[in-house]
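Visitor:
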Amino acid sequence: MHSPAFLQAASRRALLAAALAATATACTSQRPPATAREVAPTRRAAAPAPARGGSDLRARDRRRIDALLGGMTLDEKIGQLFVARVYGHSATDPDPADAARNREETGVATAAELIAKYHVGGIMYAGWANNIRDPHQVAALSNGIQKAALAGDTPVPVLLSTDQEHGIVARIGAPATPLPGAMALGAGGSAADARDAARIAGAELAALGIRQNYAPVADVNVNPANPVIGVRSFGADPDAVAHLVAAQIGGYQSAGVAATVKHFPGHGDTDVDSHVGLPVITHSHAEWKRLDAPPFRAAISAGVDAIMTAHLLFPALDPVDDPATLSRAIITGVLRHELGFEGVVVTDSLGMAGVRKKYGDARVPVLALKAGADQLLNPPDLPAARDGVRRAVRDGELTEARLDQSVRRVLELKARRGLLDDPYTSDREVNHAVGSREHRATADRIAERTTTLLVNDGHLLPLSPRRHRELLVVGPDPAAPSGTGGPPTAVLARALTALGFTAEALSTGAGSGAETAPDPTPERIAAAVAAARGRDAVIVATYNVGRDSRQRTLVSALAATGVPLVHVAIRNPYDIARLTGPSDKAPAASLATYSWTDVELRAAARVIAGRANPRGRLPVPVRRADAPHGVLYPRGHGLSYRARSY
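When you read off a place in the sequence shown, starting at 1, and then add 1, the result is the number in our numbering.
(1) Measure the alpha-carbon distance for T111 versus Q138 and round it to whole angstroms.
(2) Checking the sheet assignment: what are the DSSP bridge partners for Y634?
(3) Considering S557, what are the terminal residues of the alpha helix (DSSP H) in which it resides?
(4) So what does N1 bridge to, in DSSP terms?
(5) Is DSSP giving H469 helix, strand or coil here?
(6) Would you identify the three-state DSSP class for A199, choosing helix, strand or coil?
(7) Return the CA-CA distance between D272 and S234, expressed in angstroms with no decimal places.
(8) Please work out which residues of its chain come closer than 6 Å, Cβ to Cβ, to R467, disregarding the five sequence neighbours upstream and downstream, and give them in chain order.
(9) From L421 to D96, what does the alpha carbon distance come to, in whole angstroms?
(10) Following the continuous beta strand (DSSP E) through M309, name the residue where it begins and the one where it ends.
(11) DSSP state of N214, grouped into three classes?
(12) Hey, would you say G128 sits closer than 8 Å to R61, going by beta carbons?
(13) What does the Cβ neighbour count give for T261, buried or exposed, with the cut at 16 atoms within 10 Å?
(14) Of the residues G210, Y253, A192, which one's Cα is nearest the Cα of A243?
(15) I need the DSSP call for H338, collapsed to helix, strand or coil.
(16) Starting from M141 and walking both ways along the alpha helix (DSSP H), at which residues does that stretch end?
(17) From P239, V539, H90, pick the residue whose C-alpha is nearest to that of W289; which is it?
(18) Run the CB neighbour count on S285, radius 10 Å, all protein chains shown included, and call it buried at 16 or more, exposed below.
(19) Kindly confirm or deny that the segment 69-85 and the segment 113-120 touch, where touching means at least three C-beta pairs closer than 8 Å.
(20) Out of A248, D197, Y253, which has the shortest C-alpha to C-alpha gap to Y215?
(21) Within 8 Å, do at least three Cβ pairs link the segment 441-454 to the segment 463-477?
(22) Would you list the one or two residues that DSSP bridges to H568?
(23) Taking the beta carbon of P635 as the centre, do at least 16 other beta carbons fall within 10 Å, making it buried, or is it exposed?
(24) Which residue comes first and which comes last in the beta strand (DSSP E) that contains V262?
(25) Along the chain, where does the beta strand (DSSP E) containing V346 start, and where does it finish?
(26) Here's the rule: buried if 16 or more other CB atoms are within 10 angstroms of the residue's CB, otherwise exposed. What is R534?
(27) Using 7 Å as the cut-off, classify the Cβ of T453 as near or not near the heavy atoms of the ligand ATP, replying yes or no.
(28) Under 8 Å by Cβ, that's how I've got A237 and V218 pegged, so tell me the actual separation to the nearest angstrom.
(29) Between V408 and Q376, which are expected to be in contact by the criterion C-beta below 8 Å, what is the C-beta distance as a whole number of angstroms?
(30) Ordered along the chain, which non-local residues of its own chain (more than five positions away) have a Cβ less than 6 Å from that of H568?
(31) Would you mind reading off the limits of the alpha helix (DSSP H) that contains S302?
(32) Identify the continuous beta strand (DSSP E) that holds V84 and give its terminal residues.
(33) Might you give, ordered along the chain, the residues of its own chain that have their beta carbon closer than 8 Å to the beta carbon of G639, omitting 5 neighbours on each side?
(34) So which of R391, K415, L497, A527 has the shortest CA-CA distance to L75?
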């Protein structure tokens with residue numbers, strides 16, 4: 002005879018099977034590999050649905066969610082609230098080093114075992130976790146995770162997520178389509194382009210099995226010294242940012258991917274990186290409503306699925322010395338009640354220093370849930386975090402009814418994005434969507450409309466192969482984000498050579514990561530000056546020029562040679578302010594690309610060569626370096642010329 006526990010579990014499985022009849026095959030069969038499934042790649046396209054607490058869901062979905070929630074154990078409910086990391090390229094057979102890392106952190110070796118033990122509702126992909134090798138591998142990993150999730154007592158698909166903002170933050174590299182980042186799209190100023198970029202990104206993520214993207218950034222970058230947002234923002238004008246945020250939400254969610262705007266209540270005016278410290282926003286409540294809130298209001302009106310919290314202090318919204326992620330006044334009071342958001346609230350990574358300074362890793366998830374969060378992203382110690390929430394329920398600090406609220410929101414998001422119908426993907430979908438010719442051509446056209454011409458003394462640009470055939474491309478070569486191309490000087494040189502020039506690349510140094518690009522040594526500066534002599538023109542790239550940066554010396558020395566000099570700011574557009582001081586010899590022409598990924602550098606090459614008209618306009622003001630309250634180039638500045646016909 003079977004034990005009572007066995008009969009109870011069997012009864013629960015029968016109830017769930019009946020409630021999930023429409024997806025019985027997906028939940029009970031042993032799915033074949035992705036290569037065996039030929040699913041029409043357009044099946045996910047749908048209009049974005051408002052995030053209104055399930056009111057937009059079909060009656061069948063509501064019944065399925067009721068059945069799932071009613072059949073869950075406490076541990077299964079707790080698990081649904083965590084979005085965990087797991088190391089390895091395979092759900093069941095990771096490399097030995099990744100399996101060892103998993104055992105060290107969570108006591109299990111694989112993603113499948115992680116799901117069985119912790120019942121996690123989400124898994125985030127990252128390059129540093131060795132989840133991403135190539136598109137077909139990512140799709141197979143996604144299918145393996147879903148197969149493991151649907152094999153449990155309570156068959157609930159996993160919401161797979163990543164940070165694919167594009168521009169300087171990208172987790173999925175080639176052959177996926179590289180797209181301009183937020184500030185570049187802000188320079189383009191086109192809602193249609195922003196929507197198309199998100200639609201392309203969403204279609205490619207969905208083909209990989211990823212149904213939640215931590216984008217777009219809704220922060221309004223009003224502080225040029227912001228070390229963590231910068232070009233990840235659409236710009237400095239709240240209304241313009243709001244317009245593009247809403248457009249991108251429509252693009253992502255029409256492709257079947259949950260958009261997640263960030264970082265509430267606004268991270269645009271900080272000079273501390275919340276990855277390593279705890280920023281403080283000094284805006285008054287009135288300033289918050291005017292500067293920070295408009296993009297989040299627009300996102301909610303656009304029906305955004307999820308909003309991510311920020312690890313920062315905002316005394317005007319909550320005087321308590323806790324970050325917004327742990328603030329009930331901010332999450333429940335402002336976001337839920339004042340702004341009326343009823344969708345999923347996800348924390349920023351719980352491994353960041355900004356949220357770990359005051360409380361232990363077992364307490365932070367409890368406090369985030371008490372504040373009103375639903376998804377707990379990337380806890381640094383998953384066992385401790387899970388046990389902390391379990392203990393809080395046992396002790397009465399958290400009620401199971403409170404957990405049910407968040408679990409329901411998570412399940413509704415999964416239903417809204419089609420996971421309860423079919424969480425799998427296929428090789429056919431990957432082949433159709435990821436890096437398609439149409440997507441790449443659209444990305445190139447969008448990028449051309451973002452390149453911003455700031456200076457063009459003497460009408461140096463566009464360069465002509467007849468008058469400026471011999472070119473030198475010089476500057477730093479920071480590592481590209483997650484395999485999105487590079488190095489920058491080589492990309493520019495190749496692109497210009499393909500346009501009829503003879504271009505040579507000379508790197509002044511390669512950064513060890515995307516956040517740093519080393520200053521050139523005196524020896525490299527001297528080599529660049531020597532190589533410039535005899536050229537018809539020089540292209541010099543800069544990366545975040547500081548007050549004491551030797552990049553200033555490099556640019557001034559190259560300008561002093563008398564060879565026509567074109568400057569390209571490959572990250573922040575503020576560099577030109579550091580290159581035009583009274584003691585500097587300035588370049589004759591200056592462009593801003595807002596990122597050093599291939600798609601934006603190739604567009605800059607076409608602008609330099611006159612194959613494309615520079616249409617970008619500064620989405621932020623460039624302040625004077627010698628008088629920060631003065632403006633060198635206002636928001637909206639941008640020069641132009643008619644592209645040549647060849």
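Each residue gets a CB set at the ideal place from its N, CA and C atoms; glycine is no exception.
Guide: Let me lay it out:
(1) Residue mapping note: residue 111 aligns to position 110 of the sequence shown, counting from 1. Residue mapping note: residue 138 aligns to position 137 of the sequence shown, counting from 1. Rounded to whole angstroms, T111 to Q138 spans 16 Å at the Cα level.
(2) What you label residue 634 is simply residue 633 of the sequence shown in a count that begins at 1. DSSP lists V623 as partners of Y634.
(3) Against the sequence shown, residue 557 aligns to sequence position 556. 551-561 is the span of the alpha helix (DSSP H), which, as asked, contains S557.
(4) With the chain running from 2 to 647 in the structure shown, residue 1 is simply not present.
(5) Residue 469 sits at position 468 when you count from the first residue of the sequence shown. H469: coil per DSSP, three-state reduction.
(6) To locate residue 199, count along the sequence shown from 1; it is residue 198. In the structure shown, A199 sits in a helix (DSSP, three-state: H, G or I).
(7) In the sequence shown, the residue the question calls residue 272 occupies position 271. In the sequence shown, the residue the question calls residue 234 occupies position 233. So the two alpha carbons sit approximately 15 Å from each other.
(8) The sequence position of residue 467 within the sequence shown is 466, counting from 1. No residues qualify anywhere along the chain.
(9) For the purposes of this step, residue 421 is taken as the residue at position 420 of the sequence shown. For the purposes of this step, residue 96 is taken as the residue at position 95 of the sequence shown. If you take the alpha carbons of L421 and D96, they lie about 30 Å apart.
(10) In the sequence shown, residue 309 corresponds to position 308, counting from 1. Unbroken beta strand (DSSP E) run through M309: 307-310.
(11) Taking the first residue of the sequence shown as 1, we reach residue 214 at position 213. The answer is strand: DSSP assigns N214 an E or B state.
(12) Working through the sequence shown from its first residue, we reach residue 128 at position 127. Working through the sequence shown from its first residue, we reach residue 61 at position 60. No; because the gap between Cβ atoms is not below 8 Å, this pair is not in contact.
(13) Locating residue 261 in the sequence shown gives position 260, where the first residue counts as 1. Under this definition T261 is a buried residue.
(14) On the sequence shown, residue 243 is found 242 positions in, with the first residue counted as 1. When each option's Cα is compared against that of A243, the closest is A192.
(15) Locating residue 338 in the sequence shown gives position 337, where the first residue counts as 1. Note: H338 maps to helix in three-state DSSP.
(16) For the purposes of this step, residue 141 is identified with residue 140 of the sequence shown, where counting begins at 1. The sequence shown places Ala at residue 141, not Met. Unbroken alpha helix (DSSP H) run through A141: 136-151.
(17) Looking up residue 289 in the sequence shown gives position 288. Answer by Cα proximity: P239.
(18) For the purposes of this step, residue 285 is taken as residue 284 along the sequence shown, with counting starting at 1. Classification for S285: exposed.
(19) yes
(20) Residue 215 sits at position 214 when you count from the first residue of the sequence shown. Checking every option, the nearest Cα to that of Y215 belongs to Y253.
(21) no
(22) Taking the first residue of the sequence shown as 1, we reach residue 568 at position 567. Answer is V541, S591, bridged to H568.
(23) Translated into positions along the sequence shown, residue 635 becomes position 634. Flag for P635 reads exposed.
(24) The residue labelled residue 262 in the question sits at position 261 within the sequence shown. Taken as a continuous stretch (DSSP letters only), the beta strand (DSSP E) holding V262 covers 259-265.
(25) Residue mapping note: residue 346 aligns to position 345 of the sequence shown, counting from 1. From DSSP, the beta strand (DSSP E) with V346 extends over 345-347.
(26) If you number the sequence shown from 1, residue 534 lands on position 533. Burial call: exposed.
(27) You won't find the ligand ATP in this model; it holds no ligand whatsoever.
(28) Within the sequence shown, numbered from 1, the residue matching residue 237 stands at position 236. Within the sequence shown, numbered from 1, the residue matching residue 218 stands at position 217. So it is not a contact: roughly 13 Å between Cβ atoms.
(29) As a working note, residue 408 is residue 407 in the sequence shown. As a working note, residue 376 is residue 375 in the sequence shown. V408 to Q376, Cβ: 10 Å. No contact.
(30) Residue 568 sits at position 567 when you count from the first residue of the sequence shown. Here the set comprises V541, P588, S591.
(31) As a working mapping, residue 302 is identified with position 301 in the sequence shown. Segment 294-302, the alpha helix (DSSP H) holding S302.
(32) Position 83 of the sequence shown, counting from 1, holds the residue named residue 84. Note, V84: beta strand (DSSP E), 83-85.
(33) On the sequence shown, residue 639 is found 638 positions in, with the first residue counted as 1. Correct list, in chain order: A188, T453, L454, L455, P615, R616, G617, R618, L619.
(34) Locating residue 75 in the sequence shown gives position 74, counting from the first residue. The residue with the shortest Cα to Cα distance from L75 is R391.
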